[in-house]
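Okay, so here's the structure we're looking at.
In the numbering used here, the protein residues as written are 1140 to 1285.
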């Protein structure tokens, strides 16, 4: 069992499976295909991200360093939240970028999403956590790898 503490951006609790990307996640390339096709599950379509490609991230804790890519990144996050196919959590090892932050805020305010977001968990967090690990996220920004 290992514990990490980050900064809370959107509080909430979560207990479940982690899915990990060791590189920046391009939200447009990763999530747009499922959103446009009105899918019931969010399967990552970015073939340039081998950690996530073809993996279902719906209702999981997405552990990542940062988001990258298009300026539509925030809108894409809001859209997948409005469709209720989003990851349950965005857990950033680094400082969140403004586009991801805007998408999380819009999803919480306009879509009544309960998406959880914590940043600044640190490099050791991303080096330690593995896809498939069971985790617990607490409202104070504590992430426990069970």
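Glycine residues also receive a C-beta, built at the ideal position from the N, C-alpha and C atoms.
Query                                                                                                                                                                       : Result
Is the CB-CB distance between residue 1200 and residue 1274 below 8 Å?                                                                                                      : yes
Which residue's Cα is closest to the Cα of residue 1267: 1148, 1283, 1258, 1237?                                                                                            : 1283
For the beta strand (DSSP E) holding residue 1258, just list the boundary residues, first then last.                                                                        : 1255–1258
Assign residue 1167 to one of two classes, buried (16 or more other C-beta atoms within 10 Å of its C-beta) or exposed (fewer than that).                                   : buried
DSSP on residue 1164, reduced to helix/strand/coil?                                                                                                                         : strand
Grab me the residues of residue 1149's own chain with a C-beta within less than 7 Å of its C-beta, minus the 5 sequence neighbours each way, in chain order.                : 1243, 1247, 1254, 1255, 1256
Would a C-beta distance cut-off of 8 Å place residue 1219 and residue 1239 closer than the cut-off?                                                                         : no
Quick check: the Cα distance between residue 1152 and residue 1279, rounded to an integer number of angstroms?                                                              : 9 Å
Taking residue 1143 as part of the beta strand (DSSP E), name the residues at either end of that continuous run.                                                            : 1141–1144
If you draw a straight line from the C-alpha of residue 1231 to the C-alpha of residue 1205, how long is it?                                                                : 6 Å
Check whether the Cβ atoms of residue 1163 and residue 1260 lie closer than 8 Å to each other.                                                                              : no
Return the chain-ordered list of same chain residues with a C-beta closer than 7 Å to the C-beta of residue 1272, the five sequence neighbours on each side being excluded. : 1157, 1284
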